[in-house]
Amino acid sequence: MDLSHPVHADNCLLDPEGNTCWREPPAYIHRDFSAILYLNEDFQGGNLFFTEMDAVTLTAQVRPKCGRLVAFSSGEENPHGVWAVTRGRRCAIALWYTLSQEHEEQERGQAEKLMRQKEAEQEQSHQEDTKDNNFEPKSGDSPEPPAPKGRARSTSRNIKLDSKSGVKSRRLRVRDEF
């Protein structure tokens, strides 16, 4: 049977004849854990399978199912491959995780920094608003107005009236998506 992905390990170069796996470039040596999330199941073939180090002896096989997540360590203990799809299209998301700080997600750190900055700006703006309106919250008072009676109030928006222009504008909160 044909393969769409030949037997390999995700963080080392598999040598089935020598029963070894070389953890050196060009292998992605920083990968510690791997995962595959299946997005559909309306196809034939495409099963994920695991073997011994010889890349021949089958040890496990996973049939794709929509929503199924398969996670495993990335090293020589989990040589794996994927059978070819014989009908339809296999859709999946492959994920790799690292414990190496050298390879940590820089984008995530940048996003967290932006979120902290935005939160600080909003807090400063809120303090200025309450100062401008001569509003002194009492202990136990919520910084948000009470919810209108008879209907739910959105927690993802905070609408404020600009005192100069009279225009309502939304302020993002840390929990908002943008």
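Residue 106 in the UniProt record's numbering sits at position 106 of the sequence shown, with consecutive numbering throughout. All C-beta atoms in this analysis are idealised placements derived from N, C-alpha and C, irrespective of residue type, glycine included.
- The beta-carbon separation of Leu37 and Ala92, rounded to 6 Å, stays under the 8 Å limit for a contact.
- Boundaries for Asp2: no beta strand (DSSP E) harbours it, and the DSSP string shows neither H nor E there.
- Each of Glu52, Asn78 and Asn40 was checked against the Cα of Arg31, and the nearest Cα belongs to Asn78.
- Around the CB of Val56, fewer than 16 other CB atoms lie within 10 Å, so the residue is classed as exposed.
- According to DSSP, residue pairing for Leu14 in a beta bridge involves Cys21.
- Here the C-alpha atom of Met53 lies approximately 7 Å from the C-alpha atom of Glu76.
- Under the DSSP assignment, Thr51 falls in the beta strand (DSSP E) whose first and last residues are Leu48 to Thr51.
- In the same chain as Gln61, and ignoring 5 residues on each side of it, the C-beta atoms closer than 8 Å to its own belong to Asn47, Leu48, Phe49 and Phe50, in chain order.
- By the neighbour-count definition (other C-beta atoms within 10 Å, threshold 16), Pro6 is an exposed residue.
- DSSP, reduced to helix, strand and coil, places Arg108 within a helical segment of the structure shown.
- Counted as a single uninterrupted DSSP element, the beta strand (DSSP E) harbouring Ser73 occupies residues Leu69 to Ser73.
- Here Ala9 is buried. Its C-beta has 16 or more other C-beta atoms within 10 Å.
- DSSP places His126 within a helical segment (H, G or I) once states are collapsed to three.
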